[in-house]
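All residue numbers for the sequence shown refer to numbering that gives the first Met the number 0, where the first residue is 0 and numbers rise by one. Each remark here refers to the structure printed beneath this line.
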Amino acid sequence: MERTSTEIVKAADITAIETSADRGAADSELAYLAPAAAAALGLLADAIKRGTAGRESVVAALKEAAVHERFADVLAAASEDVMDEIEDPYDFDDRLEADNLSGAASQVRDLFRWL
Numbered sequence: 000m001e002r003t004s005t006e007i008v009k010a011a012d013i014t015a016i017e018t019s020a021d022r023g024a025a026d027s028e029l030a031y032l033a034p035a036a037a038a039a040l041g042l043l044a045d046a047i048k049r050g051t052a053g054r055e056s057v058v059a060a061l062k063e064a065a066v067h068e069r070f071a072d073v074l075a076a077a078s079e080d081v082m083d084e085i086e087d088p089y090d091f092d093d094r095l096e097a098d099n100l101s102g103a104a105s106q107v108r109d110l111f112r113w114l
């Protein structure tokens with residue numbers, strides 16, 4: 000699959016990448032990570048739309064890179080952070096955000112099982 004991933008990267012014609020951090024919306028170095036990841040996925044979508052990369056190749060490359068696992072890890076870590084901050088872990092209102100983040104992480108993992 001390395002060859003397929005390389006072909007996809009070569010097929011992307013980057014004209015510009017602008018992030019919210021570049022526009023002054025954020026003040027930390029961490030603010031560059033999420034927009035950069037979104038821009039990379041946008042390049043893959045653009046390559047499919049222009050016909051320079053096959054959808055099967057892109058989906059296979061995403062699965063091979065375990066993009067869904069890393070995204071789910073972010074949501075799961077956010078869920079754990081919420082739980083660490085609440086006073087009563089059994090209070091429904093307090094844990095609702097944590098449960099939603101954890102559920103979203105599970106759904107991201109499940110989505111890629113269907114592909």
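Glycine included, each C-beta is placed from N, C-alpha and C at the ideal position.
Start and end residues, alpha helix (DSSP H) containing residue i
i, result
"Ala52", "No alpha helix (DSSP H) contains Ala52, which DSSP labels as neither H nor E."
As assigned by DSSP and simplified to three states, the class of residue i
i, result
"Leu110", "helix"
"Ala65", "coil"
"Asp90", "coil"
"Ala20", "Per-residue confidence for Ala20 stands at a pLDDT of 49, beneath the threshold of 50, marking its modelled position as unreliable; the derived number appears in the next sentence. Of the three classes helix, strand and coil, the one that applies to Ala20 here is coil, per DSSP."
Anticipated Cβ contact below 8 Å, residue i with residue j, distance rounded
i, j, result
"Glu68", "Arg108", "7 Å"
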